[in-house]
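J.:
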Ligand SMILES: Cc1cc2nc3c(=O)[nH]c(=O)nc-3n(C[C@H](O)[C@H](O)[C@H](O)COP(=O)(O)O)c2cc1C
C-alpha cells in the first residue's frame, strides 16, 4: 500500500470493506479475527461496549458502516457531510510520513452531499444493514456557503440526517475549508448550535449534538467558545481535529511531506490533543462528556486521553499505519491498566490524573 497514492490506498480499503464487510458471514470472520474485549462505559445515556470508535473522515459517505463494528470499533462516526455535494480539493491531497506515523490531508470535505448520504443510510436500513452500535454523523459547512449563512447550512444537513445517526458532531475545525475555523468564535458558534437545536426541538428529539475543536485554538479562545456552545445547549466536545502546526521533521522525506499544506494527524498530534482534553475537562468536565481524538494509537496514548478527561475515544491515523488490530490491542491494554490501577470501571478512570 505504501507505494500507491495514500488516497487510492484508503479508497481501496473502504471499498473492500463496503463490499466484503456488509454481510453477516464476513462480519463473523472479521469479528473473530479482531475480537475485542468489552470495557463498557455509559455516555450520553448510551452504553458503549468499550470507548474506542472510528473518527470522522474515514467513512465519509457511510458506505462501509457495518464493517467497522466487525473490526472491533464500539461506535462509528461517518462524514463529514455537507449540505451540497463537493469534489474537495485537487489531488493529491493526502500524504503519509511513515517515519513520523503522521498524515497530512487537505481533502476539503469531498462528499456526495446530505441528500445522497441520507439515501445511502435509508437503503442500508431497509436492507437490514444498519450497525448495532452507536453511530455519529459529522457535519461540515458547504464550501459555497459563507459563515453568515453557516447556521442554516449546518441545520439543513442536521435535519436531513436526523433519523440516521444517534449523535451529531458539528465540525467547525477542519483546516481545509477556507474560513471554517472562524466559526469557533462565540457569536458564530452560538448561532450554529442554536440553529441545530431548533431543528432537534422540531423533531421532539434529544439526540446529543457535539462540537469538534481544533487543537490550534488558544486556550482562552477555546474555553470561551466552549462556554458559548454550552449556553446554546451543546451536549459534549471532541478534542481534537487535525493541526496546521508541524513537528520537527525526522528526515528529508518527512520535511517534504510536512511542507504540504493541510491538517496533520497521527502520533505528533497526541500532546496537543491531550492538552486540550485536559483543559476542557478542568473547566467543563462536570457539565458534559469529552471525547478524545488525535494521536491515539495504543493503550498508553488511550490511557492518557482517558485519565486527562476523555470518556470516549476515536482514532483515524493509527488505522492507516497499524490496520484494525490497533482496536483489540488498545482495548486489551486499557483493561489491563484499569486492573493495575485498581479502578472498578472506566468511568472511575476518566479524569483521574487531573
Ligand atoms: C484524510 C482525513 C480526513 C478527515 N476528514 C474529517 C472530516 O471530514 N471531519 C472531521 O471532523 N474530521 C476529519 N478528519 C480528522 C479526524 O477525524 C481526526 O480528528 C484526526 O485525524 C485526528 O485523529 P488521528 O490522529 O487519530 O488521526 C480527517 C482526518 C483525515 C486524516
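Numbering (the numbering used here), first residue to last: 748 to 1101. We put the CB at the ideal spot given by N, CA and C, even for glycine.
Among 1081, 987 and 1023, which residue has its Cα nearest to the Cα of residue 1010?
T.: Within the chain shown, residue 1010 is the residue found at index 263, counting from 1. Residue 987 holds the alpha-carbon nearest to the alpha-carbon of residue 1010 among 1081, 987 and 1023.
J.: Take the Cβ of residue 952 as the centre, count every other Cβ of all protein chains shown within 10 Å, and call the residue buried at 16 or more, exposed below.
T.: Along the chain shown, one-based indexing puts residue 952 at 205. By the beta-carbon neighbour count (other beta carbons within 10 angstroms, threshold 16), residue 952 is exposed.
J.: Might you give, ordered along the chain, the residues of its own chain that have their beta carbon closer than 8 Å to the beta carbon of residue 1115, omitting 5 neighbours on each side?
T.: In the structure as shown, the chain starts at 748 and stops at 1101, and residue 1115 therefore has no counterpart that could be examined.
J.: If I measure Cβ to Cβ from residue 862 and keep anything under 8 Å in the same chain, skipping five residues before and after, which residues do I get?
T.: Locating residue 862 in the chain shown gives position 115, where the first residue counts as 1. 907, listed in sequence order.
J.: With a floor of 4 residues, list each alpha helix (DSSP H) that falls wholly inside the region 935 to 1000, ordered by position along the chain.
T.: 966 to 979
J.: Would you kindly report the start and end of the unbroken alpha helix (DSSP H) that includes residue 1028?
T.: The sequence position of residue 1028 within the chain shown is 281, counting from 1. Here the alpha helix (DSSP H) through residue 1028 covers 1017 to 1031.
J.: Would the C-beta of residue 1040 count as close to ligand 1, meaning under 7 Å from any of its heavy atoms?
T.: Taking the chain shown and counting its residues from 1, the one referred to as residue 1040 is at position 293. It does: the Cβ of residue 1040 is within 7 Å (strictly closer) of some heavy atom of ligand 1.
J.: Pick helix, strand or coil for residue 1068, following the three-state DSSP scheme.
T.: Position 321 of the chain shown, counted from the start, is the residue given in the question as residue 1068. Residue 1068: helix per DSSP, three-state reduction.
J.: Just verifying my parser: in three-state terms, what is the DSSP assignment at residue 1110?
T.: Because the chain here runs from 748 to 1101, residue 1110 falls outside it and cannot be looked at.
J.: Cβ of residue 958 versus every heavy atom of ligand 1: is any distance shorter than 7 Å?
T.: As a working note, residue 958 is residue 211 in the chain shown. No.
J.: On the DSSP letters alone, give me the boundaries of the alpha helix (DSSP H) that residue 824 sits inside.
T.: Here residue 824 is taken as the residue at index 77 of the chain shown, counted from 1. Element bounds for residue 824: not the alpha helix (DSSP H) but the beta strand (DSSP E), 822 to 828.
J.: Spatial neighbours of residue 764 within its chain, please: C-beta separation below 6 Å, excluding the five flanking residues on both sides.
T.: Position 17 of the chain shown, counted from the start, is the residue given in the question as residue 764. Excluding residues within five positions, the ones whose Cβ falls inside 6 Å are 811 and 814.
J.: In terms of residue numbering, what span does the beta strand (DSSP E) encompassing residue 926 cover?
T.: Within the chain shown, numbered from 1, the residue matching residue 926 stands at position 179. Looking at the DSSP string, residue 926 is not in any beta strand (DSSP E), and its letter there is neither H nor E.
J.: Measure the C-alpha to C-alpha separation of residue 760 and residue 804 and round it to an integer number of angstroms.
T.: Position 13 of the chain shown, counted from the first residue, corresponds to residue 760. Position 57 of the chain shown, counted from the first residue, corresponds to residue 804. When rounded, the distance between both Cα atoms is 14 Å.
J.: Could you tell me whether the Cβ atoms of residue 1057 and residue 1044 are closer together than 8 Å?
T.: To locate residue 1057, count along the chain shown from 1; it is residue 310. To locate residue 1044, count along the chain shown from 1; it is residue 297. No; because the gap between Cβ atoms is not below 8 Å, this pair is not in contact.
J.: Decide if residue 748 is buried, meaning its Cβ has at least 16 other Cβ atoms within 10 Å, or exposed.
T.: In the chain shown, residue 748 corresponds to position 1, counting from 1. Legend: pLDDT at residue 748 = 45, less than 50; position of this residue unreliable, no value from coordinates given.
J.: Alpha carbon to alpha carbon, how far is residue 976 from residue 936? Give it in angstroms, no decimals.
T.: Here residue 936 refers to the residue found at position 189 of the chain shown. Here residue 976 refers to the residue found at position 229 of the chain shown. When rounded, the distance between both Cα atoms is 6 Å.
J.: Classify residue 850: buried if its beta carbon has 16 or more other beta carbons within 10 angstroms, exposed otherwise.
T.: Along the chain shown, one-based indexing puts residue 850 at 103. Flag for residue 850 reads buried.
J.: List the DSSP bridge partners of residue 885.
T.: Against the chain shown, residue 885 aligns to sequence position 138. Answer by DSSP bridge pairing, in chain order: 826 and 916.
J.: Is it true that the CB of residue 984 sits closer than 8 Å to the CB of residue 946?
T.: As a first step, residue 946 must be located in the chain shown, where it is residue number 199. As a first step, residue 984 must be located in the chain shown, where it is residue number 237. No. Outside cutoff.
J.: Cβ of residue 760 versus every heavy atom of ligand 2: is any distance shorter than 7 Å?
T.: For ligand 2, the structure offers nothing, since it holds only ligand 1.
J.: Would the region 852 to 870 count as touching the region 1028 to 1036 if we require 3 or more Cβ pairs under 8 Å?
T.: The region 852 to 870 vs the region 1028 to 1036: no contact.
J.: Given a cut-off of 8 Å, decide if residue 962 and residue 1023 are closer than it, judged by their beta-carbon atoms.
T.: Within the chain shown, numbered from 1, the residue matching residue 1023 stands at position 276. Within the chain shown, numbered from 1, the residue matching residue 962 stands at position 215. A contact, by the Cβ cut-off of 8 Å.
J.: Please state whether the Cβ-Cβ distance between residue 918 and residue 886 is less than 8 Å.
T.: For the purposes of this step, residue 918 is taken as the residue at position 171 of the chain shown. For the purposes of this step, residue 886 is taken as the residue at position 139 of the chain shown. Their beta carbons are under 8 Å apart, which means residue 918 touches residue 886 by this criterion.
J.: Distance, Cα to Cα, residue 844 vs residue 1000?
T.: Residue mapping note: residue 844 aligns to position 97 of the chain shown, counting from 1. Residue mapping note: residue 1000 aligns to position 253 of the chain shown, counting from 1. Looking at the two C-alpha atoms, the distance is approximately 8 Å.
J.: How long is the line joining the alpha carbons of residue 755 and residue 1003, rounded to whole angstroms?
T.: Reading the chain shown from its first residue, position 8 is the one you call residue 755. Reading the chain shown from its first residue, position 256 is the one you call residue 1003. If I take the Cα positions, the gap works out to 20 Å.
J.: Looking at residue 885 and ligand 1, is the gap between the Cβ and the nearest heavy atom below 7 Å?
T.: Residue numbering aside, residue 885 sits at position 138 when the chain shown is read from its first letter. The answer is yes for residue 885.
J.: Quick check: what's the CA-CA separation for residue 792 versus residue 998?
T.: On the chain shown, residue 792 is found 45 positions in, with the first residue counted as 1. On the chain shown, residue 998 is found 251 positions in, with the first residue counted as 1. Straight-line Cα distance between these residues: approximately 47 Å.
J.: I'd like to check one pair, residue 925 with residue 795: are the Cβ atoms closer than 8 Å?
T.: Within the chain shown, residue 795 is the residue found at index 48, counting from 1. Within the chain shown, residue 925 is the residue found at index 178, counting from 1. Not closer than 8 Å, so no.
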